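Heads up: the structure comes next, in structure tokens.
Protein chains: 2
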Amino acid sequence: MADILEEVLKRVRPTEADQKRIERVASELIRRTKAACAKLKANAKPMLVGSAARGTWLRTERDIDIFILFPEGLPREELERQGLAVAREVAGPKGRERFAEHPYVMMKFEGFEVDLVPCYDVAKPSEIRSAVDRTPHHQRYVKERLTPELADEVLLVKKFMDGIKVYGAELQVRGFSGYLCELLTLRHGSFQKLVGAVSQWKPGVIIDLERSYADESEPKVLFEGQPLIVIDPVDPNRNVGAAVSMQNFAVFVRACQEFIRAPSLRFFFPRRVKLLNAGGVRRILKRRGTKLFCVAFRSPDVVPDVLYPQLRKTERTLVTRLAQSGFEVLRSDVWADFRAVIVLELSVARLPRVRTRVGPPITLEAEGFIREHLGSKETLAGPFVDAAGRVVFELEREQTDARRVLEQALAERAAFGKHVAEAIGRGHEIFEGAKLAKLLRDRKFREFISEYLAPCLPWYR
Amino acid sequence: MADILEEVLKRVRPTEADQKRIERVASELIRRTKAACAKLKANAKPMLVGSAARGTWLRTERDIDIFILFPEGLPREELERQGLAVAREVAGPKGRERFAEHPYVMMKFEGFEVDLVPCYDVAKPSEIRSAVDRTPHHQRYVKERLTPELADEVLLVKKFMDGIKVYGAELQVRGFSGYLCELLTLRHGSFQKLVGAVSQWKPGVIIDLERSYADESEPKVLFEGQPLIVIDPVDPNRNVGAAVSMQNFAVFVRACQEFIRAPSLRFFFPRRVKLLNAGGVRRILKRRGTKLFCVAFRSPDVVPDVLYPQLRKTERTLVTRLAQSGFEVLRSDVWADFRAVIVLELSVARLPRVRTRVGPPITLEAEGFIREHLGSKETLAGPFVDAAGRVVFELEREQTDARRVLEQALAERAAFGKHVAEAIGRGHEIFEGAKLAKLLRDRKFREFISEYLAPCLPWYR
Chain A
285 MADILEEVLK
295 RVRPTEADQK
305 RIERVASELI
315 RRTKAACAKL
325 KANAKPMLVG
335 SAARGTWLRT
345 ERDIDIFILF
355 PEGLPREELE
365 RQGLAVAREV
375 AGPKGRERFA
385 EHPYVMMKFE
395 GFEVDLVPCY
405 DVAKPSEIRS
415 AVDRTPHHQR
425 YVKERLTPEL
435 ADEVLLVKKF
445 MDGIKVYGAE
455 LQVRGFSGYL
465 CELLTLRHGS
475 FQKLVGAVSQ
485 WKPGVIIDLE
495 RSYADESEPK
505 VLFEGQPLIV
515 IDPVDPNRNV
525 GAAVSMQNFA
535 VFVRACQEFI
545 RAPSLRFFFP
555 RRVKLLNAGG
565 VRRILKRRGT
575 KLFCVAFRSP
585 DVVPDVLYPQ
595 LRKTERTLVT
605 RLAQSGFEVL
615 RSDVWADFRA
625 VIVLELSVAR
635 LPRVRTRVGP
645 PITLEAEGFI
655 REHLGSKETL
665 AGPFVDAAGR
675 VVFELEREQT
685 DARRVLEQAL
695 AERAAFGKHV
705 AEAIGRGHEI
715 FEGAKLAKLL
725 RDRKFREFIS
735 EYLAPCLPWY
745 R
Chain B
285 MADILEEVLK
295 RVRPTEADQK
305 RIERVASELI
315 RRTKAACAKL
325 KANAKPMLVG
335 SAARGTWLRT
345 ERDIDIFILF
355 PEGLPREELE
365 RQGLAVAREV
375 AGPKGRERFA
385 EHPYVMMKFE
395 GFEVDLVPCY
405 DVAKPSEIRS
415 AVDRTPHHQR
425 YVKERLTPEL
435 ADEVLLVKKF
445 MDGIKVYGAE
455 LQVRGFSGYL
465 CELLTLRHGS
475 FQKLVGAVSQ
485 WKPGVIIDLE
495 RSYADESEPK
505 VLFEGQPLIV
515 IDPVDPNRNV
525 GAAVSMQNFA
535 VFVRACQEFI
545 RAPSLRFFFP
555 RRVKLLNAGG
565 VRRILKRRGT
575 KLFCVAFRSP
585 DVVPDVLYPQ
595 LRKTERTLVT
605 RLAQSGFEVL
615 RSDVWADFRA
625 VIVLELSVAR
635 LPRVRTRVGP
645 PITLEAEGFI
655 REHLGSKETL
665 AGPFVDAAGR
675 VVFELEREQT
685 DARRVLEQAL
695 AERAAFGKHV
705 AEAIGRGHEI
715 FEGAKLAKLL
725 RDRKFREFIS
735 EYLAPCLPWY
745 R
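Note that the protein sequences, when read in sequence, are chains A and B.
In terms of the numbering used here, the numbers along the first sequence are unbroken and rise by one, the last being 745.
In terms of the numbering used here, the numbers along the second sequence are unbroken and rise by one, the last being 745.
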């Protein structure tokens with residue numbers, strides 16, 4: 285075990301040269317931001333936050349987050365105006381504006397991806413105006429507690445999360461943020477102790493570092509239904525684990541259980557998904573014998589955190605529509621890059637015309653039910669009584685072909701999410717079965733569909 | 285309402301000539317049985333029982349039941365030997381031996397179907413040795429209470445049961461016996477009052493004419509799960525309604541509810557089922573779009589009361605086998621005459637190769653489940669974790685073709701019932717879809733399948 289962890293650290297811990305380089309770049313960015321504030325007469329000060337500021341970044345990561353802190357009294361529009369002006373001044377023409385909860389500027393700088401984020405410098409995190417205002421407090425909280433030894437443990441935790449594919453709180457991933465990894469490490473003191481604790485986790489587990497609540501009853505209600513509840517030490521009203529889906533929660537717990545049983549580098553460095561070509565896709569589809577539909581369209585121009593929830597909503601809507609029409613969806617998934625794809629895999633794509641409509645049990649009145657269907661155009665047979673004593677009709681199924689159900693739902697676009705509905709409205713294609721080969725030229729989609737067709741927990745690959 | 289009932293009686297009440305004729309034939313049979321007893325020195329006396337003896341037979345019925353009562357002391361083998369000898373003497377060479385709970389002789393005589401049944405003349409019905417020993421007691425109980433006016437009401441009840449196809453306690457029908465119709469009439473006093481009461485029946489209703497039980501708690505336990513509980517006035521340990529299936533119970537209740545709403549001769553004299561020819565069968569099957577399988581074989585040489593339960597058991601076994609293999613059976617039925625047929629109607633006859641095997645939830649250990657399937661020959665994909673946090677594998681389905689599942693089950697013949705298993709073992713055919721047309725030359729099967737393909741409560745036809 286110790287050997288494995290040592291080996292992992294050797295591979296992921298930034299070298300001294302890496303460290304020097306990021307410090308130099310970050311200092312330069314801070315210097316430029318201060319200069320921009322002075323030049324534009326903005327009463328603000330820059331702050332380096334995130335893993336770069338805490339020495340908890342993985343060697344492969346290239347992110348620098350600079351927050352620009354404005355005084356609390358400033359009106360919101362002023363903050364946005366001045367903040368963006370400062371950020372633009374720093375970024376120059378290469379900067380690109382982005383909108384999350386409020387606007388910020390992204391730039392590439394000496395090989396790093398830099399976010400310049402204006403925020404309020406609030407005294408109490410309970411009085412924040414926007415989620416980004418919490419970040420400086422997170423920075424201070426972690427920085428004060430994180431020894432260099434603990435920073436190494438954080439690296440192990442992050443790389444483990446990365447290896448088992450649950451790292452990242454963005455809505456595409458619905459996993460564990462860097463800050464969450466740091467809090468979990470602080471709570472348990474080491475990667476190994478954390479893994480031991482997690483292997484016993486049940487959904488609804490509560491971690492409250494600062495004992496913000498007298499007992500667990502209050503957070504249990506406050507964050508009901510969320511599998512992982514990690515009370516934010518700087519703001520007890522927030523669950524730092526809110527983004528973690530039940531699926532990723534379970535993957536993390538299973539991974540910890542199995543890592544204890546058989547520690548392996550595979551958890552940190554899983555094998556890559558074997559990329560399928562058109563022939564491979566055809567072979568697997570034939571072997572599975574299912575009916576696969578890929579609904580493809582050009583992604584709407586919104587950030588992934590807006591797009592993915594809408595894609596999943598659309599996916600759910602389509603699954604429900606198909607189920608209501610009698611078609612069992614075996615599995616489904618969504619993916620997006622320049623193009624967006626919703627994958628729906630059905631057991632069968634054609635159903636018989638007849639469907640059974642079961643009426644009230646013998647203990648209830650059936651007159652209305654019988655009158656509704658007797659002699660109706662869609663009635664094929666009935667009324668008769670089944671073995672359980674219920675009145676039954678056999679009706680014509682409206683749609684016996686799954687593709688037609690899908691087409692109809694895509695034409696109506698009800699409960700799809702605004703941007704996805706619009707994008708699908710502008711044009712879409714349905715690729716049936718092996719016809720999805722046409723999409724394989726997109727390497728990222730190829731990765732996605734290769735994984736979809738051979739789903740497997742990463743450490744078992 | 286009164287007009288309708290009057291019209292029904294006009295059609296079903298035996299004429300005076302009918303009545304004279306049956307009395308003459310019954311007397312002749314009694315006379316012959318007495319003579320046979322004398323000739324064979326059997327210490328027994330004949331008794332006319334059943335609807336012929338009570339004046340509650342429908343004009344179309346042609347049954348005469350003569351019971352031959354032996355003293356209680358006689359050993360069972362002697363009763364069977366002497367009883368059969370007497371019956372054979374009466375019937376002559378035209379008589380045919382039959383075996384129910386014990387042997388009896390059936391004969392055709394002057395247009396009537398005559399049963400000659402040896403039994404014990406027991407003093408207390410609670411001390412019977414065989415179910416037939418109860419019959420003389422039933423005869424006396426009903427005869428003592430049934431006025432000519434009530435006999436007319438019984439005719440209405442019986443014809444109603446006949447019209448809605450729930451008349452007969454034989455296991456092929458699982459409906460209401462003549463004796464049960466008589467008891468229900470005695471209990472409620474008239475057809476109309478009975479119909480009113482039945483329209484309020486719930487499964488588990490208890491009718492206890494002689495108040496044999498202090499309250500309903502005891503019979504509720506004794507006859508648990510039986511929808512209709514009618515305590516036998518001559519033997520409180522017996523439920524006269526035991527044969528009534530939930531299906532027929534519900535049909536009777538629905539018929540009464542609807543007869544009250546809209547009285548009609550249709551309940552007593554429903555339209556005939558429209559007989560389908562091969563073209564009609566093909567048209568309906570095409571419209572339904574289902575996959576119909578008819579398993580046909582020569583009926584084993586046993587009475588219907590033995591055959592039908594075995595056929596239904598076989599039907600259930602096949603439905604379960606198909607369901608376990610993932611095939612949904614929409615509807616199924618059995619039929620028998622010279623030939624026996626089990627009909628199974630499926631939504632789809634082919635399934636994808638892949639099937640989902642869901643493992644334990646996140647709160648339970650999954651090691652055993654994972655070890656069982658990891659790298660196994662039948663594993664197509666997995667382990668992965670689903671949205672609910674459960675570990676999942678995708679496995680190969682053993683059989684993707686419903687016909688092959690059926691063939692395999694018919695080859696094994698486990699849980700089929702002895703005689704049916706043997707008969708199927710001697711040879712069987714599976715007719716798929718419209719190929720069942722080959723069976724249509726059998727007019728009775730044609731009636732059955734015509735009704736199967738357009739099931740409808742008789743009064744709605």
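Just so it is clear, CB atoms sit at the ideal spot from N, CA and C, and this is done for glycine as well.
Since we're looking at a predicted model, the values are computed, not measured.
query, result
"Out of curiosity, what's the CA-to-CA distance linking residue 711 of chain B and residue 581 of chain B?", "6 Å"
"For residue 619 of chain B, which three-state DSSP category applies?", "strand"
"Against residue 486 of chain B, what residues of chain A qualify as contacts under a CB-to-CB distance less than 8 Å, listed in chain order?", "646 and 647"
"For residue 505 of chain A, count neighbouring C-beta atoms within 10 Å of its own C-beta (all shown protein chains included) and say buried if the count is 16 or more, exposed if not.", "exposed"
"Cβ atoms of residue 513 of chain A and residue 490 of chain A: under 7 Å apart, would you say?", "yes"
"On the DSSP bridge list, what partners appear for residue 396 of chain B?", "B:393"
"Does residue 636 of chain A come within less than 7 Å of chain B when only Cβ atoms are used?", "yes"
"Are residue 721 of chain B and residue 562 of chain B closer than 7 Å when you measure CB to CB?", "yes"
"Name the one or two DSSP bridge partners that residue 742 of chain A has.", "For residue 742 of chain A, which the question treats as bridged, DSSP gives no partner whatsoever."
"Do you know offhand how far residue 475 of chain A's Cα is from residue 437 of chain A's?", "5 Å"
"Please report how far the alpha carbon of residue 270 of chain B lies from the alpha carbon of residue 654 of chain A, in whole angstroms.", "Outside the displayed span of chain B (285 to 745) sits residue 270 of chain B, for which this structure offers no information."
"Is any beta-carbon of chain A found at less than 7 Å from that of residue 554 of chain B?", "no"
"Which residues in chain B have a C-beta closer than 7 Å to the C-beta of residue 593 of chain A? List them in chain order.", "Near residue 593 of chain A there are no residues of chain B at all, since even the closest Cβ is about 14 Å away, more than 7 Å."
"Pop quiz: residue 703 of chain B and residue 594 of chain B are said to be a contact at Cβ under 8 Å. What is the actual Cβ separation, rounded to whole angstroms?", "6 Å"
"Can you give me the start and stop residues for the beta strand (DSSP E) that residue 347 of chain B sits inside?", "347-354"
"Residue 409 of chain B and residue 331 of chain B: beta carbons closer than 7 Å?", "no"
"Along the alpha helix (DSSP H) that carries residue 654 of chain A, what are the first and last residues, could you check?", "651-657"
"Do residue 673 of chain B and residue 534 of chain A have their CB atoms nearer than 7 Å?", "yes"
"I think residue 382 of chain B touches residue 390 of chain B, with their Cβ atoms under 8 Å apart; what is that distance to the nearest whole Å?", "5 Å"
"Quick one: list the residues of chain B neighbouring residue 396 of chain A, beta-carbon separation under 8 Å, in chain order.", "Those do not exist, as residue 396 of chain A stays about 34 Å from chain B at its closest Cβ, beyond 8 Å."
"Compare the C-beta of residue 604 of chain B with all C-beta atoms of chain A and state if any pair is closer than 7 Å.", "no"
"Classify residue 311 of chain A as buried or exposed, calling it buried when 16 or more other Cβ atoms lie within 10 Å of its own Cβ.", "exposed"
"Whose C-alpha, out of B:291, B:368, B:740 and B:681, is nearest the C-alpha of residue 573 of chain A?", "B:681"
"Where does residue 331 of chain A sit, in a helix, a strand or coil, going by DSSP?", "strand"
"Since residue 574 of chain A meets chain B, which of its residues come closer than 7 Å, beta carbon to beta carbon?", "636 and 638"
"Determine the chain B residues that contact residue 631 of chain A at a beta-carbon separation under 7 Å, and present them in chain order.", "635 and 636"
"Could you compute how far the alpha carbon of residue 676 of chain B sits from the alpha carbon of residue 487 of chain B?", "42 Å"
"Identify the contact partners of residue 534 of chain A in chain B, using a Cβ-Cβ distance below 9 Å as the criterion.", "645, 646, 669, 670, 672, 673, 674 and 675"
"How far does the beta strand (DSSP E) with residue 561 of chain A in it reach, from first residue to last?", "Run containing residue 561 of chain A: none; DSSP gives neither H nor E here."
"Give the secondary structure of residue 629 of chain B by DSSP, where H, G and I count as helix, E and B as strand, and everything else as coil.", "strand"
"Chain B partners of residue 664 of chain A, CB-CB under 8 Å?", "571 and 572"
"What does residue 650 of chain A reach in chain B if we use C-beta pairs closer than 7 Å?", "538"
"Go to residue 441 of chain A, then tell me how far its beta strand (DSSP E) extends in each direction, as first and last residue.", "It is not in any beta strand (DSSP E) - residue 441 of chain A instead sits in the alpha helix (DSSP H) that spans 432-447."
"Short check: CB of residue 348 of chain A to CB of residue 336 of chain A, under 7 Å?", "yes"
"For residue 363 of chain A and residue 329 of chain A, what's the separation of their Cα atoms in angstroms?", "13 Å"
"The beta strand (DSSP E) that contains residue 716 of chain A, what's its start and end?", "713-716"
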